[in-house]
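Counted from 1, the sequence shown has number 22 at position 23 by numbering that gives the first Met the number 0; the numbering is strictly sequential.
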Amino acid sequence: MHTPDAIEASFIFFPQPQLRGDPSHVGLRYEDVWLTADDGNKTHAWFIRGEDSVDPEQRRILMLITHGNGGNISVRLDQYREFVDRYRFIDIFALEYRGYGLSEGNPSEEGIALDAVAARRWIDDYIARLPEGRRPSIIYFGRSMGGSVATRLASVEHPDGLILECPLLSIPYLAKTITPWRYLPIERFIHNRFDTESYMREVRCPVLVMHSEFDEIIPIECGRMVYEAAKEPKRFYVIKGAPHNGADYYDPDGYYAAMGDFFAEFELMGSATPT
């Protein structure tokens, strides 16, 4: 018998247990990481290394990536490669959610929030072992539902910058605006709310919101409302001609230039202009 929470989760989370490959398949150096969340759940992640620098003054970026509600961390191997090719001195921590890929457990908003906190704890431990003066900029990059995960984490574990791609405003907002059940008062019964707008009000770092012009899943007005909830400094970029998925394929130069400009403007990285 399915519980109401399990039924709700089946409409929100679409995990894939099978990985499509690993970062070595696109020529990247990486290590498997296993995290233990505060509730004991074991969660998988990849720590992907960018290009090494011989310049001790070169500031790196360490980007924590939180993916959307479908697939797993292997879905965007091509983008991990693109980040390293364009920004060079960037390391990536790709977090897998509980119930996705190789991770244990079942997905829920609260559980995934614990996974994200465990990821930040690992990052802090890693940075503490680096030589003095080599601290990287910590950037959270969340896509779609992962935008809410990243924003919630940023509201309590502050990064140096937050980048969101096609973020949802909240699950109740989508339920009452674009679903077949929008005429029913179902939003009051939703437990996995992913209220990005509320979390954003507690964020204390520069924010870049990028949203697809023709997003058919999360309308661009959601991205604009998330942006409006953010404090300055903040930037908004429209991904021209793009739908929800694969947005970076439609305007790759503009997409990556917007990120590079964000890194440069807020001095998050040396030589941040993409190649």
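Every residue gets a Cβ at the ideal spot worked out from N, C-alpha and C, and that includes glycine.
Roughly how far, in whole angstroms, is the beta-carbon of residue i from the beta-carbon of residue j, given that I think they are within contact range, below 8 Å?
| i | j | result |
| --- | --- | --- |
| GLY100 | ASN71 | 4 Å |
| SER136 | GLY160 | 7 Å |
| ILE60 | ILE138 | 6 Å |
| ALA117 | LEU168 | Actually they are not in contact, since the Cβ atoms of ALA117 and LEU168 sit about 26 Å apart, beyond 8 Å. |
| ILE122 | ILE91 | Their Cβ separation, rounded to whole angstroms, is 11 Å, which puts ILE122 and ILE91 out of contact at 8 Å. |
| ILE216 | ILE11 | The Cβ separation is near 13 Å, so there is no contact. |
| ARG223 | PHE261 | So it is not a contact: roughly 17 Å between Cβ atoms. |
Pick from the options: whose alpha carbon is nearest that of residue i?
| i | options | result |
| --- | --- | --- |
| ALA115 | GLU227, ALA127 and SER154 | SER154 |
| ARG218 | CYS165, GLU81, TRP121 and ALA228 | The residue you asked about is not Arg; residue 218 is Pro in the sequence shown. For the residues CYS165, GLU81, TRP121 and ALA228, the minimum Cα distance to PRO218 belongs to CYS165. |
| ALA241 | VAL148, VAL208, TYR254 and LEU152 | TYR254 |
| ILE89 | TYR172, ALA36, PHE235 and PHE140 | PHE140 |
| ASP21 | TYR79, SER73, GLY222 and PRO232 | SER73 |
| GLU227 | ASN244, ALA246, LYS239 and MET199 | MET199 |
| ALA36 | PHE265, GLY110, ASP77 and VAL83 | GLY110 |
| ASN191 | SER147, LEU152 and ILE162 | SER147 |
| GLU220 | GLY259, HIS243, ASN40 and GLU7 | HIS243 |
| ARG85 | LEU267, PRO232, GLU266 and ASP252 | ASP252 |
| ASN40 | PRO106, LYS233, VAL83 and MET258 | PRO106 |
Report buried or exposed for residue i, applying the criterion of at least 16 other Cβ atoms within 10 angstroms of its Cβ.
| i | result |
| --- | --- |
| THR272 | Annotation note: pLDDT 45 at THR272 (below 50); position unreliable, coordinate value reported separately. THR272 should be labelled exposed. |
| SER23 | exposed |
| THR176 | exposed |
| GLY104 | buried |
| PHE13 | exposed |
| HIS210 | buried |
| ASP250 | buried |
| ALA149 | buried |
| ALA229 | buried |
| ASP214 | buried |
| ALA174 | buried |
| ASN102 | As written in the sequence, residue 102 is Ser, which differs from the Asn given in the question. Flag for SER102 reads buried. |
| ALA8 | buried |
One question on the structure: do residue i and residue j come within less than 9 Å of each other, judged by their Cβ atoms?
| i | j | result |
| --- | --- | --- |
| ARG19 | GLU50 | no |
| GLU95 | PHE193 | no |
| ARG142 | HIS43 | no |
| HIS157 | VAL225 | no |
| GLY145 | ILE238 | no |
| TRP45 | ALA112 | no |
| GLN78 | ASP247 | yes |
| ARG134 | THR195 | no |
| VAL206 | LEU163 | yes |
| ARG75 | LEU27 | no |
| ALA263 | TYR236 | no |
Validate contact between the segment 40-60 and the segment 125-140 using beta carbons, cut 8 Å, 3 pairs: Put simply, the segment 40-60 touches the segment 125-140. At least three CB pairs are less than 8 Å apart.
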